[in-house]
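Peer 1: So for the sequence shown, this note's numbering puts the first residue at 33; every next one is plus one. For glycine and all other residues, C-beta sits at the position ideal for the given N, C-alpha and C. Since the model is a prediction, treat every value here as computed from it, not as a measurement.
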Amino acid sequence: MAHQLESTIKDFKATVADLRLSEAARRKGEESFRQLFETSPVALLLTRRADSTLWMGNRELSSLLQIDPTSLDGLPASQFYTNEADRQQLLKTLKEEGHVDNFDVQLKTSTGEPVWALISAYPIEYHGEAALLVGIHDITRRKHAEDEVRRLNQELEQRVEARTAELSRVNRELESFSYSVSHDLRTPLRTIDGFSKALVEDYDAVLDQTAKEYLSRVRAGAQRMSRLIDDLLSLARSARGELNRSNVNLSELAADVAADLRSHFPDRRVELTIGPKLHVNVDPGLMGVVIENLLSNAWKYTGRVAHPKVRFGRQTKDGEEVYFVEDNGAGFDMQYSDKLFGAFQRLHDSAEFDGSGIGLATVQRIIQRHGGRVWAEGSIGKGAIFYFTLNSA
Numbered sequence: 033m034a035h036q037l038e039s040t041i042k043d044f045k046a047t048v049a050d051l052r053l054s055e056a057a058r059r060k061g062e063e064s065f066r067q068l069f070e071t072s073p074v075a076l077l078l079t080r081r082a083d084s085t086l087w088m089g090n091r092e093l094s095s096l097l098q099i100d101p102t103s104l105d106g107l108p109a110s111q112f113y114t115n116e117a118d119r120q121q122l123l124k125t126l127k128e129e130g131h132v133d134n135f136d137v138q139l140k141t142s143t144g145e146p147v148w149a150l151i152s153a154y155p156i157e158y159h160g161e162a163a164l165l166v167g168i169h170d171i172t173r174r175k176h177a178e179d180e181v182r183r184l185n186q187e188l189e190q191r192v193e194a195r196t197a198e199l200s201r202v203n204r205e206l207e208s209f210s211y212s213v214s215h216d217l218r219t220p221l222r223t224i225d226g227f228s229k230a231l232v233e234d235y236d237a238v239l240d241q242t243a244k245e246y247l248s249r250v251r252a253g254a255q256r257m258s259r260l261i262d263d264l265l266s267l268a269r270s271a272r273g274e275l276n277r278s279n280v281n282l283s284e285l286a287a288d289v290a291a292d293l294r295s296h297f298p299d300r301r302v303e304l305t306i307g308p309k310l311h312v313n314v315d316p317g318l319m320g321v322v323i324e325n326l327l328s329n330a331w332k333y334t335g336r337v338a339h340p341k342v343r344f345g346r347q348t349k350d351g352e353e354v355y356f357v358e359d360n361g362a363g364f365d366m367q368y369s370d371k372l373f374g375a376f377q378r379l380h381d382s383a384e385f386d387g388s389g390i391g392l393a394t395v396q397r398i399i400q401r402h403g404g405r406v407w408a409e410g411s412i413g414k415g416a417i418f419y420f421t422l423n424s425a
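#1: How should residue 382 be labelled, buried or exposed, when 16 other C-beta atoms within 10 angstroms of its C-beta is the threshold for buried?
#2: According to the Cβ coordinates, are residue 415 and residue 325 closer than 7 Å?
#3: Measure the C-alpha to C-alpha separation of residue 281 and residue 311 and round it to an integer number of angstroms.
#4: Can you tell which of 149, 160, 184 has the C-alpha that lies nearest to the C-alpha of residue 167?
#5: Where do the N-terminal and C-terminal ends of the alpha helix (DSSP H) with residue 301 fall, by residue?
#6: Looking only at C-alpha atoms, which of 332, 83, 275 sits nearest to residue 161?
#7: Answer yes or no: do residue 400 and residue 373 have a C-beta to C-beta separation smaller than 7 Å?
#8: What are the uninterrupted segments assigned as alpha helix (DSSP H) that are 4 or more residues long and contained completely in the stretch 219 to 297, given in chain order?
#9: Of the residues 363, 137, 64, 85, which one's Cα is nearest the Cα of residue 175?
#10: DSSP three-state label for residue 76, please.
#11: Using three-state DSSP, classify residue 340 as helix, strand or coil.
#12: With the cut-off set at 7 Å, would you say residue 85 and residue 108 are in Cβ contact?
#13: Taking DSSP as the reference, what is the three-state secondary structure of residue 353?
#14: Kindly indicate which three-state DSSP category residue 30 falls into: helix, strand or coil?
#15: Helix, strand or coil: which one does DSSP assign to residue 109?
#16: According to DSSP, which residues form a beta bridge with residue 334?
#17: Report the residue from 112, 240, 218 whose alpha carbon sits nearest the alpha carbon of residue 261.
#18: Kindly indicate which three-state DSSP category residue 359 falls into: helix, strand or coil?
#19: Do you know whose CA, among 152, 112, 129, 227, lies nearest residue 142's CA?
#20: Quick check: the Cα distance between residue 202 and residue 394, rounded to an integer number of angstroms?
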């Protein structure tokens, strides 16, 4: 708008110069100026600098301020400002800088309705008198849109606060539930397992093979439930609490997990390859859970392979840095890949491969909390590869 006004002033000054030539030229110049002033797409206003009264305005101004242009002359400019302080600030800027460009102000129409506008003003001389040529651009719709955006943002913030409060409440309930599970369910499970073991040991001579098999199944069920409780608690812990990031060497984490697996399964001969110096900024405790789950799964699902191989490393995939755990084990059918990371979802029968179906759900939650994602590719009988990304910022 300021550019349009400057162009108008340039043409106006040329017209004013013509007024000094002759009476005929003056009339011609006056006519040209009037035509330029009236047909401008910008709302234009001419004010006297001596007393800040209005001189004349064009049709755009009349439409904007809802006023008869013939009644403008002599009106105080202040009556169209909602706030007098804004007008004084505009005059101060004009005095200090010699002109005003895009001054954001609220005006009011002759009926008192508010109008948001950008004002640009340049001093000129008209008919030998100091004047101010003012251009006004209506931005009321834009202001209303901005107000609506602010209202929506405020509403969104309130919803977020309410949602955060609700999540805090749910987390407290989860912590209470976790405590209950940890303390109240473990005791009867230990009782079942303990007395079943006592029956087998103390009444070995009395019990027949079928009874011993039944008790063995009871103990296995109790132990499996205990492990499931551990996994559920791990899943709950992975979804709450602050991330305490630090520089972590994933290669060392993987080596520690591998050493633990070898000690628990001394008869297994697994060819394990770990990429060197895989440093990343993550929560060491949570990332240890990820590495343990993925390597343990690879170890487990290669249990029936003659020459088991497991590989952990990092590569660039589609221009992105990606970590992976690969094995040549049982694999899975890709049409069921969407079930891999759901809690209690299993693609293999528990009689074939032991497990609770919680581990990969925990992995996904931890990776998502680190701003990454996890996915898998596999084929039945030809192994699987699990990929994950990390936002280490």
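Peer 2: Working from what's here:
#1: Note that residue 382 has pLDDT 49, beneath the 50 cutoff, so the model's placement of it is unreliable and no number is given.
#2: Not closer than 7 Å, so no.
#3: Using only the alpha carbons, I get a separation of about 4 Å.
#4: Closest option to residue 167, judged by alpha-carbon separation, among 149, 160, 184: 149.
#5: In this chain, residue 301 is not harboured by any alpha helix (DSSP H), its DSSP state being neither H nor E.
#6: Cα-wise, what sits closest to residue 161 is 83.
#7: The criterion of a C-beta distance shorter than 7 Å is not satisfied by residue 400 and residue 373.
#8: Within the stretch 219 to 297, the complete alpha helix (DSSP H) runs of at least 4 residues fall at 241 to 270, 282 to 296.
#9: The closest CA to that of residue 175, considering only 363, 137, 64, 85, is found on 137.
#10: Strand at residue 76.
#11: In the three-state scheme derived from DSSP, where H, G and I count as helix and E and B as strand, residue 340 is classed as coil.
#12: It is a contact, given that the beta carbons lie within the stated cut-off.
#13: DSSP places residue 353 in strand when its eight states are reduced to three.
#14: Nothing can be reported for residue 30, as the shown portion of the chain is limited to 33 through 425.
#15: When DSSP states are grouped into helix, strand and coil, residue 109 belongs to the helix group.
#16: DSSP output for residue 334 lists no bridge partner at all.
#17: Considering only 112, 240, 218, the residue with the shortest C-alpha distance to residue 261 is 218.
#18: Residue state, collapsed to three classes: strand.
#19: Checking every option, the nearest Cα to that of residue 142 belongs to 112.
#20: A direct Cα-Cα distance of roughly 18 Å separates residue 202 from residue 394.
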